[in-house]
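What follows is a set of notes on a single structure, which appears directly below.
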């Protein structure tokens, strides 16, 4: 993608100076940096091409391309001299790329710092001839590039498409027919903005945004390694959903996740947020090496945190200095050291933390005090109870059963005559008698039992989760070649990558903490964090980022298609208080967002990947939203926000290979069966097959962008998975109940319900024939009709004609399987 972007548009830029970051660095990074880049251990011939001073000494003569060793080695016919060498498996420099390199050298071989590592500077908002099309600065930047590419923007999409697009992008749910009618009938100038504001205020906005972020932070309900056992961590998912709904500033969101436990007076919310640091895969395998897994956990946290917030491949520096970016191995281990204070088991079940409300904790404290007072009363002197005890001891001696069932210390003490017992033995017998036997304490014992029952019930009702708990930091040292068994590396202290600054305290005895890291990540001075996040938001609104590689803003990533726009949005995002909703609204209010997604032949020829945004994008919605859509249009969707993970229908025996212990998936009953996909129980090693079929990730690692495949298996899931069969049946019940006897009326109702539009005449004919065909089949095969109507937990109506309901169910199965149903246009 990077090179097609550069080469395909070189003609359009022929009259403008060559840009180092846009045109030259990607060529050098791909073809040269592996042997002549930042990694000194892999550097060949002592030649470095990523630093101007070093490159000019040997390989480049500004203004003299033909005299430059770089050009000579690229163009030589000598197989032993040509660069990159064939054995490197690097692609040869193309004619177009060579042309750019020559021009760059002739123009003076100007080097620039990599664009992503430079703090954004406010760019001038372009002025364009077609000013009327510009609704906000987003349009100005996009239109300016379209002019350069000699392309035109597309017309605005129709209102039904716009509403469906907005609803899917901002909530992950389709619009209801009532919402469609309301929008189509509202001809006011503010109609569109009112819809945007309504959707941003919807509690489903947080659920939609959480799907993106949970992929990034690798949220799952299981530990991942070995037996992949269960762990309670759903409270973190709810924190993410609630944070997006509350429009929590992203800088605050960042600080709470990295170091919520280290904030002054941390509360339950910030403690739950700190569970981000516990999201990684852990092992419970008995024979695992603790030291090895400590190293694995450290590396995982470096990879995820740097990728999620910095769009950096810092993980590539675990074994050696980065081959393309200025990250060193020392940077990697210093970054890892920030997390060395987290209390955890290297091997074994991780400790869960109970997090009750202030009211619950107060009630528990009250009951614990009352229990302690009652138990203390057993030790208080009492002439009456001492006499009762002496009588009991005398009676005990004559009983056949004797001391059977008594605690060991009490049995041993009773073997000794009263005058020879030590104080501890006396107390053991006294406390046991009063707390278990004495008639005079029966009321206190009943009260104590009641208090303990109430306490235990309340404790068991309070959810637990994984949180960060800071303890004495473990020593972190550089592991040569990433080898966890090699202790020869130098110890390091926590700090950020050296070329990006430092957070190390001035006092040499002090140590930087995760809170220092979090504040640095969330600082306006950091050139990466806001850019990376804004790029993620742009992908939500347009289907792909301004930088195509969401996970790599480094030298191996593609340069931004609209660098000035990305910088302007980044600055605007920070100015607006790191507000997710504000910046998303800015994007979706633009005319660029409102364009039709229909691609003309000219667009497909000039810009098949839609880099220049002459149209909107169309793409299949994410796996969770495929399921949500079926539940929503059928009326089955449970719209409850938050709570423990749900277990929708899953094929029997799918978990049969999960061992230690053997487990069986139990489908949820009742309303929990119809919860949104974001709440589905996420088992890393055996991800729910319906989600997996639609490219949901296992979340073993950070996932910045999901694949979007189109396979026959997906159609089979939509036709046969009980969720979709049941949704089709319930949708069929509605079409029979809510419409008259007219078949066209029924088909029209279904299209509006499922696709937010009216059917064409051809579509009516096709579905009418389909209904007639299945009706004949089910009338002649009642057993087949009963079978399809028996799928799912939702009550089966008795008043419906079995064949008719089964036939309409088949029609609905087809509608839920349409490409259009799953596509955001």
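Numbering (the working numbering), first residue to last: 63 to 887. Even glycine gets a Cβ: it sits at the ideal position worked out from N, Cα and C. Remember, it's a predicted structure, so these values are computed and weren't measured experimentally.
| query | What are the boundary residues of the alpha helix (DSSP H) that residue 654 is part of? | reply | 653-656
| query | Quick one, which of 368, 807, 630 and 667 has its alpha-carbon nearest residue 204's? | reply | 630
| Which residues in the same chain as residue 877 place their Cβ atom closer than 7 Å to its Cβ, once the five residues preceding and following it in sequence are excluded? | 812, 816 and 883
| Sorted by chain position, which residues of the same chain lie with C-beta nearer than 6 Å to residue 577's C-beta, five sequence neighbours on each side aside? | 321 and 324
| said: Using C-beta distances below 8 Å, list every residue in its chain close to residue 70, excluding the 5 sequence neighbours before and after it, in chain order. | reply: The pLDDT assigned to residue 70 is 38, lower than 50, so where the model puts this residue is not dependable; a value taken from the coordinates is nonetheless given after this. If we look at residue 70 and ignore the five residues flanking it on each side, it has no Cβ neighbours.
| said: According to DSSP, residue 286 sits in a beta bridge with which residue or residues? | reply: 344
| field | 4-residue-minimum alpha helix (DSSP H) runs that sit fully inside the region 125-181, ordered along the chain | value | 131-137 and 157-168
| query | Within this structure, are the beta carbons of residue 624 and residue 207 separated by less than 8 Å? | reply | yes
| Beta-carbon gap between residue 732 and residue 690 smaller than 8 Å | no
| message | Between the alpha carbons of residue 621 and residue 651, how many angstroms are there, rounded? | response | 25 Å
| request: Given a cut-off of 8 Å, decide if residue 827 and residue 529 are closer than it, judged by their beta-carbon atoms. | output: no
| task | Throw me the rounded Cβ distance for the residue 317 and residue 580 pair, which I believe falls under 8 Å. | result | 4 Å
| field | According to DSSP, residues forming a beta bridge with residue 491 | value | The partner list for residue 491 (beta bridge, DSSP) is empty, contrary to what the question assumes.
| message | Quick check: the region 500-518 against the region 446-459, are at least 3 beta-carbon pairs closer than 8 Å? | response | yes
| said: Tell me which residues share the same chain as residue 490 and place their Cβ nearer than 6 Å to its Cβ, disregarding the 5 neighbours each side in the sequence. | reply: 471, 472 and 475
| field | Pairwise C-alpha distance: residue 89 and residue 159 | value | 7 Å
| What is the rounded straight-line gap between the Cα of residue 747 and the Cα of residue 379? | 27 Å
| Terminal residues of the alpha helix (DSSP H) in which residue 576 lies | 576-583
| Identity of the residues DSSP links to residue 681 by a beta bridge | 886
| What does residue 292 pair with, by DSSP beta-bridge criteria? | 284
| task | Report, in whole angstroms, the separation of the C-beta atoms of residue 818 and residue 242, which I expect to be a contact under 8 Å. | result | 5 Å
| message | Closest to residue 628 by C-alpha separation, out of 330, 483 and 599, would be which residue? | response | 599
| Among 835, 191 and 805, the one whose alpha carbon lies nearest that of residue 821 | 805
| Of all the alpha helix (DSSP H) runs that stay within the bounds of the region 456-536, which reach a length of 4 or more residues? | 470-476, 485-494 and 504-523
| field | Other residues of its chain near residue 433: CB distance less than 8 Å, five sequence neighbours each side excluded | value | 510, 513, 514 and 517
| Assumed close pair residue 557, residue 363 - CB separation to whole angstroms, cut-off 8 Å | So it is not a contact: roughly 15 Å between Cβ atoms.
| Among 626, 308 and 597, which residue has its Cα nearest to the Cα of residue 614? | 597
| Beta-carbon contacts of residue 332 that lie in its chain and below 6 Å, excluding the five residues immediately before and after | 318, 322 and 325
| Expressed to the nearest angstrom, what Euclidean distance is found between the alpha-carbon atoms of residue 602 and residue 776? | 23 Å
| Okay, do the region 254-272 and the region 753-760 touch, 3+ Cβ pairs below 8 Å being the bar? | no
| task | Go to residue 202, then tell me how far its alpha helix (DSSP H) extends in each direction, as first and last residue. | result | 199-210
| query | Pick from 344, 710, 370 and 373: whose alpha carbon is nearest that of residue 359? | reply | 344
| message | Here's the rule: buried if 16 or more other CB atoms are within 10 angstroms of the residue's CB, otherwise exposed. What is residue 384? | response | buried
| field | Residue from 709, 155 and 209 with nearest C-alpha to residue 676 | value | 209
| request: Just the C-alpha distance for residue 480 and residue 486, rounded to the nearest angstrom, thanks. | output: 12 Å
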